[in-house]
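One structure below.
There are 2 protein chains.
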Amino acid sequence: MNVEEIIKTDKKMELPSKTVIHLMLVSNKVNETINATLKPFDVSIQQFNVLRILRGQCGKPANLKTLNERMVTKMSNTTRLVDKLILKGYVKRKTCETNRRKIEIYITTKGEKALSSMDIAMNKNDKHIVQNFSEEELEYLNVLFNKF
Amino acid sequence: MNVEEIIKTDKKMELPSKTVIHLMLVSNKVNETINATLKPFDVSIQQFNVLRILRGQCGKPANLKTLNERMVTKMSNTTRLVDKLILKGYVKRKTCETNRRKIEIYITTKGEKALSSMDIAMNKNDKHIVQNFSEEELEYLNVLFNKF
DNA sequence: ATTAAATTTTTGTTAAAAAAAGAGTTTGTA
DNA sequence: TACAAACTCTTTTTTTAACAAAAATTTAAT
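These protein sequences, in sequence, are chains A and B.
Under full-length UniProt numbering, residues 1 to 148 are what the first sequence spells out, in order.
Under full-length UniProt numbering, residues 1 to 148 are what the second sequence spells out, in order.
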């Protein structure tokens, strides 16, 4: 992937702008491979992320707000995103007893199993995506990412 | 932005997976700022990109296929994306005389003017996004991006 | 010259995302 | 208690994207 080649005509581009465009190109490319990887499982990236977050809760439920803070999508969409996961039987929803505004969301056994097989495919894809990096480069890339 | 903090619970995550997630978080964050920056101008990121590509053509028209090769979206949507820009008076469409399958797309003077003011806002935003980076770090980040 | 194939763009349909407004619940304060 | 404000979630509406298929034109082959 080479930005210069893709953004041929704008020669006078400053480094910050170039970097941002480059970032977008990279993330679009990566996103495509992730979508393709998850396609056989019939879940979106966001749905996959929710499942992972729920598993990370280790039995403890997560409410919508928590999910949202750890995710990218907008609150209003999280509701329906969870709806879809419920339809698939991957998660369960239950109103919190101590604060009835809150909705507690759990991953089901079925959800955990599905997630396991997704993980295998995703891990393979992740490795493929960064195959041109050495371990040191990856470590440093993560350090740089923290500066955003 | 710190992944560890956001993906708290998954301790056993491998470096490639961690990096990919980190990338997604960063690009989502950056995307949000870009959307916010363009919002006052009432154009989407994609529309902005089309305008930039057209300006880069230096008077020469671009057809839909060319636009598409330099963009992310699907062909079928590029048609409608250009429709929106025409409605705003930012671009013009004209069928090619030598090959009437082709549609030539030009940026208008109004479009160029609008784009100029977007550029100022976007450049400012780009600089803000990478404010924590030194120039060397940015250069190296671009080198690393080329490895994807 | 006709027909088949390829190219370029558009249209229609469906699903997903963004934005804004709304409903129910709790908390704090007078 | 009562009332306002804050919190959490849902609903509705509008945009945008994805996918499949069709339309229009050109190219190539027989």
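For each residue, glycine too, the CB sits at the ideal point set by N, CA and C.
Distance from the CA atom of M71/A to the CA atom of Q57/A, rounded to whole angstroms, is 14 Å. With respect to chain A, the C-beta atom of V20/B has a partner C-beta closer than 8 Å.
When C-alpha distances from D83/B are compared across Q47/B, K110/B, C96/B and N123/B, the shortest belongs to Q47/B. Rounded to whole angstroms, the separation of the alpha carbons of I105/B and P61/B is 5 Å. In the three-state reduction of the DSSP assignment, R55/A falls in the helix class, which pools H, G and I. Counting along the chain, the unbroken beta strand (DSSP E) around V91/B starts and ends at V91 to T95. Of all C-beta pairs linking the segment 99-113 of chain B to the segment 96-116 of chain A, fewer than three are shorter than 8 Å, placing the two stretches out of contact. The secondary-structure analysis by DSSP pairs A62/B across a beta bridge with I105/B. In summary, the residues of the segment 120-135 of chain B whose CB is separated from some CB of chain A by less than 9 Å are M122, N123, N125, D126, K127, H128, I129, V130, Q131, N132, F133 and E135, in the order they occur in the chain. Only buried fits H22/A, as 16 or more other CB atoms lie within 10 angstroms of its CB. Assigned with DSSP and collapsed to three states, N28/A falls in helix.
Beta-carbon to beta-carbon, I45/A and I34/A are separated by about 6 Å, close enough to satisfy the 8 Å threshold. With fewer than 16 neighbouring CB atoms inside 10 Å of its own CB, M75/A falls in the exposed class. Contact note: E137/B reaches chain A through L144 and K147, using a C-beta cutoff of 8 Å and chain order. Each residue's CA atom was taken as its position, placing T73/B and R55/A some 33 Å apart. In this structure, the CA atom of E32/A is about 25 Å from the CA atom of E139/B. In the displayed model, D83/B falls within a helix according to three-state DSSP. The C-beta of K65/A has fewer than 16 other C-beta atoms within 10 Å across all chains shown, which makes the residue exposed.
In the three-state reduction of the DSSP assignment, K113/B falls in the helix class. Among the residues facing chain B, V43/A is not included, as its CB has no counterpart in that chain under 8 Å away. Cβ-Cβ separation between K127/A and P16/B: approximately 5 Å, consistent with a contact (criterion under 8 Å). Taken atom to atom, the span from the alpha-carbon of E137/A to that of E135/B is near 18 Å. For E14/B, the nearest CB of chain A lies under 8 Å from its own CB, placing it at the interface with that chain.
L87/B sits exposed, since fewer than 16 C-beta atoms from the chains shown fall within 10 Å of its C-beta.
Within chain B, the residues whose beta carbon sits less than 8 Å from that of V30/A are V20, L23, M24 and F148, listed in sequence order.
The beta-carbon separation of I107/B and N63/B, rounded to 14 Å, does not stay under the 8 Å limit for a contact.
Counting along the chain, no alpha helix (DSSP H) covers F148/A, and no H or E run does either.
Close partners of V50/B in chain A (Cβ separation under 9 Å) are lacking, with about 13 Å as the shortest Cβ gap. By the neighbour-count definition (other C-beta atoms within 10 Å, threshold 16), I129/B is a buried residue.
A residue is called buried when at least 16 other Cβ atoms come within 10 angstroms of its Cβ; K18/B meets this threshold and is buried.
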